[in-house]
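Asks: The numbering of the sequence shown is the working numbering, which starts it at 2 and goes up by one. Attaching a single structure in structure tokens format; questions to follow.
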Amino acid sequence: MDHAVIQSRTIPAPGAARMMASDPAQLYAQAAALTSIGAWSCDLRTQELSWTEGVFQIFGAPLHRQMDRRETLEFYAEDSRATLERLRSQAIAARSGFSMEAQIRRADGELRWMRLTAATRVENGRPVSLYGMKQDITEERLRWERLRQMAENDALTGLSNRARFQSEFLDRPAGDDSLSDIGAIVLFDMNAFKAVNDRWGHAAGDACLTGFARRLRATFPEARLIARIGGDEFAMILGRTGSRMGLEICVRHRMSALASPVIWQERYLPLGACAGMAFPDSAGGVDPEALFHRADAALYEAKRRGGNVVCTAP
């Protein structure tokens, strides 16, 4: 069967036709204003900058003011500025381009995020200018940050969730450099949590979970990571900030701050916890799975003893 090719043509309104027939530069400026985007160039011989209106708006700078490149660099956050200078130098040397996302502080003091793309223009084998686009991506970054928070944080307590605990600790290979400064892992299990749920309902249980999470954050502000890894189970990673004995004394001393009743609907709900603690082997790198299992065994012993007990793995 033959297939007919169907062509369609949109007839623009008179006003649209006038806009389409206008100067291409004007058309670009109108379109760029819709997406907070602008074009730029930098003469490598004079370091003179050329910006379209969109770039001035991104930085919050007065329109059409001649900007000095050194002055422009002050808009960039320190880390972004260092990355920009490194990528810029590499691109000029290689006669290539680069792309990056940078945090900037506008002239009015507002922090924003910008995506920068650049290419090198070459004449007779020599780089003569850089040019590219700059786009405000603040709203895009905020959306991604909200999605990341949803993916990595427990919806009830706001702590890190099991997935983040897995990715940042448990799934890391033994000896990974990112684990070298771990001083201890502590696993917590709330006492009598099922009894609270059975007697007062899940809303009361949720109040205990959120209360315990708040206390963990407040009691161990120096923790590298605190996560809810199960129904009433929590995990905490402490840094290598002192001796094993010092870390153990610290945890035992602070346990009392975790074990006071939670006020819920004019009731005092009992809240306590037991903990299992394990330290990395003094020799060799950290094996996260082995360390976790040792802490879990210590937690089991603490639960067997009952009360607000801390047990440490041998």
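A virtual CB, placed ideally from N, CA and C, is assigned to each residue, including glycine.
1) Return helix, strand or coil for glutamine 160, following the three-state DSSP convention.
2) Short of 8 angstroms in beta carbon distance, which residues of its chain neighbour asparagine 154, apart from the five on each side in sequence? Order them along the chain.
3) Tell me the rounded alpha-carbon separation between leucine 131 and arginine 144.
4) Rounded to whole angstroms, how far is the Cβ of asparagine 309 from the Cβ of alanine 260, which I believe are closer than 8 angstroms?
5) By a C-beta neighbour count over all protein chains shown, 10 Å radius and 16 as the cutoff for buried, is arginine 113 buried or exposed?
6) Counting only runs of 3+ residues fully inside the stretch 75-106, write out the beta strand (DSSP E) ranges in chain order.
7) Spatial neighbours of arginine 82 within its chain, please: C-beta separation below 7 angstroms, excluding the five flanking residues on both sides.
8) What is the residue span of the beta strand (DSSP E) that threonine 47 lies within?
9) Output needed for glutamate 86: all residues of its chain with C-beta closer than 6 angstroms, excluding positions within five of it in sequence on either side, in chain order.
10) Considering threonine 313, what are the terminal residues of the alpha helix (DSSP H) in which it resides?
11) List the endpoints of the continuous beta strand (DSSP E) containing leucine 112.
12) Measuring only the C-alpha atoms, how far is phenylalanine 189 from alanine 78?
13) With which residues is asparagine 198 paired in a DSSP beta bridge?
14) CB-CB under 7 angstroms to arginine 70, same chain, minus the five flanking residues each way: which ones, in chain order?
15) Assuming glycine 286 contacts leucine 180 (C-beta within less than 8 angstroms), just tell me the rounded distance between them.
16) Using the three-state DSSP reduction, which class does alanine 298 fall into: helix, strand or coil?
17) Where DSSP assigns a beta bridge to glutamate 234, which residues make up the other side?
18) If you measure between the beta carbons of serine 100 and threonine 118, is that distance less than 7 angstroms?
19) Does DSSP put proline 289 in a helix, in a strand, or in coil?
20) Can you tell me which of the three DSSP states serine 168 falls into?
21) For the beta strand (DSSP E) that glycine 55 lies in, which residues bound it at each end?
22) Rounded to the nearest angstrom, what separates alanine 236 and arginine 268 at their Cα positions?
23) Expressed to the nearest angstrom, what Euclidean distance is found between the alpha-carbon atoms of leucine 210 and alanine 40?
24) For alanine 291, I'd like the list of residues in its chain whose CB is within less than 6 angstroms of its CB, leaving aside the five on either flank, ordered along the chain.
Replies: With the structure as the only source:
1) Sequence index remark: in the sequence shown, residue 160 carries index 159 (1-based). The amino acid at residue 160 is misidentified as glutamine; the sequence shows leucine. Looking at leucine 160 - three-state DSSP - the assignment turns out to be coil, as it is neither helix nor strand.
2) Translated into positions along the sequence shown, residue 154 becomes position 153. Closer than 8 angstroms at the Cβ level, and outside the excluded window around asparagine 154, lie Leu160, Ser161, Asn162 and Arg165.
3) Within the sequence shown, residue 131 is the residue found at index 130, counting from 1. Within the sequence shown, residue 144 is the residue found at index 143, counting from 1. Whole-angstrom Cα-Cα distance: 31 angstroms.
4) The residue given as residue 309 occupies position 308 in the sequence shown. The residue given as residue 260 occupies position 259 in the sequence shown. That belief holds up - the Cβ atoms of asparagine 309 and alanine 260 are roughly 5 angstroms apart, short of 8 angstroms.
5) Residue 113 sits at position 112 when you count from the first residue of the sequence shown. Label assigned to arginine 113: buried.
6) 99-106
7) Locating residue 82 in the sequence shown gives position 81, counting from the first residue. For arginine 82, where only same-chain residues beyond five positions count, the Cβ hits under 7 angstroms are Leu74.
8) Along the sequence shown, read from residue 1 onward, the residue named residue 47 stands at position 46. Run containing threonine 47: none; DSSP gives neither H nor E here.
9) Indexing the sequence shown from 1 puts residue 86 at position 85. So no residue of the chain qualifies.
10) Numbered from 1 along the sequence shown, position 312 holds the residue referred to as residue 313. Taken as a continuous stretch (DSSP letters only), threonine 313 belongs to no alpha helix (DSSP H), being part of the beta strand (DSSP E) at 311-313.
11) Position 111 of the sequence shown, counted from the first residue, corresponds to residue 112. Leucine 112 -> beta strand (DSSP E) spans 112-124.
12) On the sequence shown, residue 189 is found 188 positions in, with the first residue counted as 1. On the sequence shown, residue 78 is found 77 positions in, with the first residue counted as 1. Answer to the nearest angstrom: the Cα atoms are 39 angstroms apart.
13) Locating residue 198 in the sequence shown gives position 197, counting from the first residue. Paired residue(s): none; asparagine 198 is not in a bridge.
14) Translated into the one-based positions of the sequence shown, residue 70 becomes position 69. Around arginine 70: Cys43, Gln48 and Leu50.
15) Taking the sequence shown and counting its residues from 1, one reaches residue 286 at position 285. Taking the sequence shown and counting its residues from 1, one reaches residue 180 at position 179. Right, their Cβ atoms sit about 7 angstroms apart.
16) Indexing the sequence shown from 1 puts residue 298 at position 297. Alanine 298 falls in the helix class under three-state DSSP.
17) Residue mapping note: residue 234 aligns to position 233 of the sequence shown, counting from 1. Paired residue(s): Asp190.
18) Numbered from 1 along the sequence shown, position 99 holds the residue referred to as residue 100. Numbered from 1 along the sequence shown, position 117 holds the residue referred to as residue 118. Yes, the Cβ-Cβ distance between serine 100 and threonine 118 is below 7 angstroms.
19) On the sequence shown, position 288 is the one that residue 289 refers to. Three-state result, proline 289: helix.
20) Locating residue 168 in the sequence shown gives position 167, where the first residue counts as 1. Helix, per DSSP.
21) Position 54 of the sequence shown, counted from the start, is the residue given in the question as residue 55. No beta strand (DSSP E) holds glycine 55; the alpha helix (DSSP H) holding it covers 54-60.
22) Counted from its first residue, the sequence shown places residue 236 at position 235. Counted from its first residue, the sequence shown places residue 268 at position 267. Answer to the nearest angstrom: the Cα atoms are 28 angstroms apart.
23) Position 209 of the sequence shown holds residue 210. Position 39 of the sequence shown holds residue 40. When rounded, the distance between both Cα atoms is 51 angstroms.
24) One-based indexing of the sequence shown puts residue 291 at position 290. Nothing meets the Cβ criterion.
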